[in-house]
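Working notes for the structure below.
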Amino acid sequence: MPLSIVLRRSLLALAVGATLSSPAVAQERELLNSSYDIARELFAEINPKFEAWWEEEHGEQVEVSQSHGGSSAQARAIMQGLRADVVTFNQVTDVNVLADAGLVDEDWQQALDNNASPYYSTTAFLVRKDNPKGIENWDDLVNEDVEVVFPNPKTSGNGRYTYLAAWGFADEQFDGDEEQIQDFMRTFLANVVVFDTGGRGATTSFIERGIGDVLISFESEVNNIRSEYGSDDYEVIVPPTSILAEFPVAVVSPNAERNGNTDLAQSYLEYLYREDTQRLLAGFNYRVHHEAVVDEFADQFPDTDLLKVEDVFGSWPEAMETHFEGGGMLDKLQRR
Amino acid sequence: MQRIGDAPLVRRLLITAAVLLSGLFLLLPLVAIFAQAFSQGVSVFWSNVSDYYTLHAIGLTLMIALLTIPVCLVFGVALAWLVTRFDFPGRRLLQTLIDIPFAVSPVVAGLIYLLLYGRNGWIGGWLDSYDIQLMFAWPGILMVTIFVTCPFVARELIPLMQAQGSREEEAAVTLGASGWTTFRRVTLPNIRWALLYGIILTNARAVGEFGAVSVVSGAIRGQTNTLPLHLEQLYQDYNAVGAFACAALLALIALLTLAAKAGLEWRAARREAFA
Amino acid sequence: MSIRLDNIAKHFGNTQALEPISLDINEGELVGLLGPSGSGKTTLLRIIAGLENADRTAQPGKILFGERDVTHVHVRDRRIGFVFQNYALFRHMSVYDNVAFGLTVLSRKHRPSSGEIRARVYRLLEMVKLESFANRYPAQLSGGQQQRVSLARALAVEPEVLLLDEPFGALDAKVRQELRRWLRHLHDELNFTSVFVTHDQEEALELSDRVVVMSNGRIEQIDTPDALYRSPANRFVFEFLGDVNHLEGKVNNAVLTCGDAHLHVDLPDGHEELLLRPHEVRLTQAPTAESHLPVTITAISPVGAEVRVELEADWLAQPWLATVRHTDFEHLELQRGQRLYAHPRHWRRFPESVSKAPEQRHVA
Amino acid sequence: MSQFALRRSGSTRVLPGFGLSMGISVLFISLVLLLPITGLFGQLAGLSLAEYWAIITEGRVVASYMVTIGAAAVAALVNAVFGLLLAWVLVRYEFPGKRLLDALMDLPFALPTAVAGITLATLYAGSGWMGSWLEAIGINVAYTWVGIALAMAFTSIPFVVRTVQPVLEDMPVEVDEAAMSLGATDGVAFRRVIMPHLWPALVTGTGLAFVRSLGEFGAIIFIAGNMPYETEITALMIFVKLQEYDYAGASAIASVVLFVSLALLLAINIWQGRFVRRLHGGNA
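So the sequences go chain by chain: A, B, C and D. Just so you know, we're using the numbering used here here: the first sequence kicks off at 54 and counts up by one. Just so you know, we're using the numbering used here here: the second sequence kicks off at 272 and counts up by one. Just so you know, we're using the numbering used here here: the third sequence kicks off at 353 and counts up by one. Just so you know, we're using the numbering used here here: the fourth sequence kicks off at 25 and counts up by one.
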């Protein structure tokens, strides 16, 4: 065990106090899952189940710890030394960054089924009761009197999906006419009233502060919000065309090796594909691949034409470079 | 005795304005924190506070504060002694340098430590080869906390020690006292209240630092999550009550700090009155 | 402008700083308020200035400047000049701006033109011999210079009453002497009414037309310096105005005895305490029939025109001080350790105030 | 007084501990303060001058400077007035609750910025206690630059109060009395006698408040709307660059903030030194 961890544990035990029996001290192996911001509740459900399953299968007690943050911030932290064994992100690019740095295998998307995305979602709308502005699709969002709330694409993967979805819609609508697409996007972005740095900040603005007519976020998230804050006050609108938002997972091989967790990490990710886990995920309003579960939850997920980033924008790196980097399309559209 | 602005009307007007504005601007936020924290009753507040991860965050936060204080204390006293008791080229520069943490945005403070001690940094990389990890572990949190809090003790001591001058110490030296004895028996009793005040400020900041710590912590629940980070996570998880419960704890620490400070000032004033 | 105080009293919390006091100061007079610290002299001065308000008692006190009742007039409207103990110069203003301040804050209607202000300030600076320092800041001046600026500043508004609080307290002896003479001269020339506070009896006696001696919030005596010195009203005044030698003993058959010393006095039998000034002590080689007061010289110090001789004896609780002229000093060939006999030329007694007056001994 | 102390200490090293205190101070400042900053410049070294210039003059970044500086300036000015009022009331008057008010002044220092952030956002949003009331009279605070200025003012008010207060306390009563005896009214005396005394402290306090506001992030981010060109602060631009893995860009913008802040601090120190020297004697 690395010196720093020993130190950390002994000092922490000291700090927290002997009365508080720390599970971290009692157990041998510990798996660190670095994940995106809004997945805290999700993994708080999954991890104990996995721990129990592992003990049953292998007779060994393990603990899964979570680190949450903006998906990009998390990737950055891992590059700077955060010793996460696995990543469960909401953006393919953030895993690619790790792959470029040699922390994740090059062919990580082939390592697991469905491009290494155990679940997926899309971008949907949350509107206020009775949908007073009559918002049904992306082109309703460019109306003059509509105020839009979604997180800043510069700082949030969630925001990036929204931007790409709107672009994808416009691309179809105007048949690839760049000028019209840009006009559409410019109007769309001008309707944004608050650019919070993250998805949850945007939610707070929309719900708690009562700002805007529509909140755009992951389908899973808007459904969760609606059940959290009252199904009577809000409505979920899933537009007929939207974007495929994959939630990629990968083993951070050097870290897992160093921590002696390679087997545990791999099993943990595979565990996400099991039927009961998939059911749990669907319960959190994520779309899943397991057929039995898909059938079971068919009512919950309307049929939607899901555009793939690769199809519309070539590839993730291309989309990032053209649209989001400093001086890219986003900056151009927002310039005055 | 009359002074400028003693006319009853002016006086009443100014006091009212000051009290009203501070009430709205400073007191109301404080009230709001506790109102939100207890908005769903004491039991909900309590269950949020006694949550394992919250307790762990409290423990970690207090530990960081406890480790930060002695370091800042030694540095603050040494620097104050240096710049108030000796004259040497670069004295003013040294005094400006300790203001750096005030000038650096906390996020940047975290960033510069990450760049140096992270795995890609030149010190961090070297340490990594010996399997020593500073960032995303408590030593990193401690380091940036020391960075942002180090000016407080020195800044409290310097003006006081400058005003007091060094005559008393010189007297002690002429009477044959050693350096350590001079400091302990002559200097320390004169500066102890300022010192304590500096410690209180250091503690308040160490407990509450957010920006810098968030960059280097990794925010692992139950491991590297400090109370302010935990608060932010709860806020993000739609657990506003939980977030404000943490906020209330931090505000409580702030209030204790203020009370301790007011107590010290009261004591000092009383000592002066009877001196 | 005459000043008239009628039934003025002041207390701070539970302490009575001034017992009800009445006082008349004539136009053009230079009056010194003399007393030990805590005697209420500064309070009285500040009440005259309007910096403190007198108590509102059942019989309300009154302050009149000439015919004008200023009891409830704010300090800024009393048209006084006030010179503060530590000068209270505005540190951020040059000497010129300090002196000009009072003129520039006048309402537009009363304010002189800027040229006139300039002329007047320079006239004042010339008067206080600081015309070349107009652009300096107070911190760059010596104490005596600062005091002169402070005086010029107070005089700039042409006050009818000039009030000075321990004006020379913080200066060294030589500068103090010089400034005193200069102030006296200024006062005589400009002919305003001045009141100043001091704890230095020499200063009060040298400078004042009349001296008000105060203690414990009361006026002990008001008189010209000469009268004050010659006929003090009570023991306190006598003791405060100079060094005093005490002789205490039993009178029996017109002889006061104290240990092995005795002195012929025309007093009835009983306990007596006699007081005498140092210059009232004569020293001889032998006793006389009248007095037998054997003493030993313990210290000799020539001070100015005379020699101060300190005397001790078994029968003295406190050493005596005698002053002798240089010729006498040489004539007697005085030396430390020499035994001599003292003879009072003159003495006083204040039987009524023995228990009341505070113990005041001035040896140095 | 202090000048005196400095002069004395200058002449000889009578007192012990020069080596030890110098050693500790220099070691600490080097390791804790300066070494990490080299990391920042290490990042900058990877940029050409043209690239550096392009990053720090990019339109959106420049707009963020404007927002930050503008809001910080407004906050500092408001604090100058408000802080002066508070310091004055706390020093010159006695009234019930004065000690409480005095203690309250340090609250923004003691309260973690994140707590201040979420609390201010909650209070001043359109649905909050203050926000709903202000909205009724047509003032929008949250998500506008007014909100940014408000958060900045909140976190930096103690700087002004706590620098002006001791100076006001030390002002001898004779200064007031001298001005009054010379016939000055309250207003004139305040403007011409008291203000010049307070001026250095007030400027220092306001300057410190301004510098602090330039770097503030935690308290602002919750209440700023973060709209490009309108309500984006410079600290957010650094944050954005970090999100893009653009360390060099983040370091470039951070270096601008750092330089401006340090230059301001140094200027304040020097200016104050001059002023103090004049008041306490130029020859000292």
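Ideal Cβ positions, reconstructed from N, Cα and C, are used throughout, including at glycine. Just so you know, these numbers come straight off a predicted model, no measurement behind them.
Taking the alpha-carbon of L128(D) as reference, which of R538(B), A540(B) and L527(B) has the nearest alpha-carbon? Locating residue 128(D) in the fourth sequence gives position 104, where the first residue counts as 1. L128(D) has its Cα closest to that of L527(B), out of R538(B), A540(B) and L527(B).
Who are the near neighbours of L523(C) in its chain, counting only those whose CB is closer than 8 Å to its CB and skipping five residues on each side? In the third sequence, counting from the first residue as 1, residue 523(C) sits at position 171. Closer than 8 Å at Cβ, skipping near neighbours: G495, G496, Q499 and L531.
Quick one: what does DSSP say L176(D) is sitting in, helix, strand or coil? Along the fourth sequence, read from residue 1 onward, the residue named residue 176(D) stands at position 152. According to the sequence as given, residue 176(D) is Met; it is not Leu. Three-state DSSP puts M176(D) in a helix.
Strictly below 7 Å CB to CB, what residues from chain B border V235(D)? In the fourth sequence, counting from the first residue as 1, residue 235(D) sits at position 211. From the beta-carbon of V235(D), the residues of chain B found nearer than 7 Å are F373 and A374.
Classify C421(B) as helix, strand or coil using the three-state DSSP reduction. Residue mapping note: residue 421(B) aligns to position 150 of the second sequence, counting from 1. Three-state DSSP puts C421(B) in coil, outside helix and strand.
Pull out every residue of the stretch 187 to 210 of chain D whose Cβ sits closer than 8 Å to any Cβ of chain C, in chain order. P196, E198, V199, E201, A202, A203, M204, S205, L206, G207, A208 and T209
Chain-ordered neighbours of L85(A) on chain B, where CB pairs are closer than 8 Å: Taking the first residue of the first sequence as 1, we reach residue 85(A) at position 32. I491, listed in chain order.
In whole angstroms, give me the CA-to-CA distance for S180(D) and V86(D). As a working mapping, residue 180(D) is identified with position 156 in the fourth sequence. As a working mapping, residue 86(D) is identified with position 62 in the fourth sequence. So the two alpha carbons sit approximately 24 Å from each other.
Are the beta-carbon atoms belonging to G454(C) and V425(C) less than 8 Å from one another? Locating residue 454(C) in the third sequence gives position 102, counting from the first residue. Locating residue 425(C) in the third sequence gives position 73, counting from the first residue. The answer is no: Cβ separation not under 8 Å.
State the Cα-Cα distance for the pair S354(C) and E419(C), rounded to the nearest angstrom. The sequence position of residue 354(C) within the third sequence is 2, counting from 1. The sequence position of residue 419(C) within the third sequence is 67, counting from 1. Taking the straight line from one Cα to the other gives about 8 Å.
Neighbour flag for D322(B) against chain A, beta carbons, 8 Å: Taking the first residue of the second sequence as 1, we reach residue 322(B) at position 51. With 8 Å as the cut-off, D322(B) does not count as an interface residue toward chain A.
Starting from Y271(D), find everything on chain B with Cβ-Cβ shorter than 7 Å and list it in chain order. In the fourth sequence, the residue the question calls residue 271(D) occupies position 247. Simply L386.
Just to make sure I have the definition right: I need the residues of chain B whose C-beta is within less than 7 Å of the C-beta of L135(A). Which are they? As a working note, residue 135(A) is residue 82 in the first sequence. Ordered by position in chain B, the residues that pass the 7 Å Cβ test against L135(A) are F407 and G489.
Helix, strand or coil for I275(B)? Go by DSSP, reduced to three states. For the purposes of this step, residue 275(B) is identified with residue 4 of the second sequence, where counting begins at 1. When DSSP states are grouped into helix, strand and coil, I275(B) belongs to the coil group.
Please compile the residues from chain A whose C-beta is within a distance smaller than 8 Å of the C-beta of Q307(B). The residue you call residue 307(B) lines up with position 36 of the second sequence. By Cβ distance, chain A contributes nothing, its closest Cβ being about 11 Å from Q307(B), past 8 Å.
When Cβ atoms are compared, which residues of the stretch 287 to 302 of chain D fall closer than 7 Å to chain B? L289, L290 and N293
Taking DSSP as the reference, what is the three-state secondary structure of V668(C)? The residue labelled residue 668(C) in the question sits at position 316 within the third sequence. Here residue 668(C) is Leu; the residue named in the question, Val, does not match the sequence. In the structure shown, the three-state DSSP call for L668(C) is coil.
Output yes if chain B places a C-beta closer than 8 Å to the C-beta of A79(A); else output no. Within the first sequence, the letter at position 26 stands for residue 79(A). Annotation note: pLDDT 45 at A79(A) (below 50); position unreliable, no value reported.
Going by C-alpha distance, which of D352(A), H376(A) and H342(A) is nearest P454(A)? Residue 454(A) is absent from the model: chain A starts at 54 and stops at 389.
Alpha carbons only, please: which of W393(B), A448(B), L298(B) and W317(B) is nearest the one belonging to A514(B)? Position 243 of the second sequence, counted from the first residue, corresponds to residue 514(B). The option with the nearest alpha carbon to A514(B) is W317(B).
Along chain D, in chain order, which residues have C-beta atoms closer than 9 Å to that of M419(B)? Working through the second sequence from its first residue, we reach residue 419(B) at position 148. Reading off the sequence, residue 419(B) comes out as Val, not Met. Going along chain D, no residue has its Cβ under 9 Å from V419(B), so there is no contact; the nearest lies around 10 Å.
Quick check on DSSP: helix, strand or coil for T648(C)? Position 296 of the third sequence holds residue 648(C). Reduced to three states, the DSSP call for T648(C) is strand.
Where DSSP assigns a beta bridge to N597(C), which residues make up the other side? Taking the first residue of the third sequence as position 1, residue 597(C) is located at position 245. Looking at the DSSP assignment, N597(C) forms a beta bridge with L628(C).
What is the rounded straight-line gap between the Cα of S391(C) and the Cα of S567(C)? One-based indexing of the third sequence puts residue 391(C) at position 39. One-based indexing of the third sequence puts residue 567(C) at position 215. Straight-line Cα distance between these residues: approximately 4 Å.
Relative to the C-alpha of T313(C), which residue among T423(C), A471(C), K461(C) and V547(C) is closest? Coverage of chain C is limited to positions 353 through 716, which leaves residue 313(C) absent and any answer about it impossible.
Report all residues from its chain with a CB closer than 8 Å to the CB of G242(D); omit the five preceding and five following residues, and keep chain order. Taking the first residue of the fourth sequence as 1, we reach residue 242(D) at position 218. Cβ neighbours of G242(D) beyond the five flanking positions: P136, T137, A138, A140 and G141.
Apart from the five residues on each side of it in sequence, which residues of its chain come closer than 7 Å, Cβ to Cβ, to A92(A)? By 1-based counting over the first sequence, the position of residue 92(A) is 39. H121 and T141.
What is the DSSP secondary structure of T294(A), reduced to helix, strand or coil? Counting from 1 along the first sequence, the entry for residue 294(A) is found at position 241. Looking at T294(A) - three-state DSSP - the assignment turns out to be strand.
Give the residues of chain C in contact with V227(D), contact being defined as C-beta atoms less than 7 Å apart. Taking the fourth sequence and counting its residues from 1, one reaches residue 227(D) at position 203. What V227(D) touches in chain C: nothing, since even the nearest Cβ is about 13 Å away.
Would you verify that the beta carbon of I432(C) is, or is not, closer than 8 Å to some beta carbon of chain D? Walking along the third sequence from the start, residue 432(C) turns up at place 80. Yes, I432(C) counts as interfacial toward chain D.
In chain order, which alpha helix (DSSP H) runs of at least 4 residues are fully inside the stretch 109 to 144 of chain D? Segments of the alpha helix (DSSP H) lying fully in the stretch 109 to 144 of chain D: 122 to 128 and 131 to 134.
Using Cβ-Cβ distances below 8 Å, what residues of the stretch 146 to 164 of chain A are close to chain D? Using a CB distance below 8 Å, the part of the stretch 146 to 164 of chain A facing chain D consists of V150, ordered along the chain.
In chain order, what residues of the same chain have a beta carbon less than 8 Å from the beta carbon of V281(B), not counting five sequence neighbours either side? Within the second sequence, numbered from 1, the residue matching residue 281(B) stands at position 10. Hits under 8 Å: none found.
Between the alpha carbons of S466(C) and N487(C), how many angstroms are there, rounded? Within the third sequence, residue 466(C) is the residue found at index 114, counting from 1. Within the third sequence, residue 487(C) is the residue found at index 135, counting from 1. So the two alpha carbons sit approximately 17 Å from each other.
Taking a Cβ distance cut-off of 8 Å, strictly less, list which residues of the stretch 119 to 141 of chain D are near chain B, in chain order. F119, G121, R123, L125, D126, A127, L128, M129, D130, L131, P132, F133, A134, L135, P136, T137, A138, V139 and A140
Cβ neighbour criterion (16 or more within 10 Å) applied to W397(B): Sequence index remark: in the second sequence, residue 397(B) carries index 126 (1-based). Burial call: exposed.
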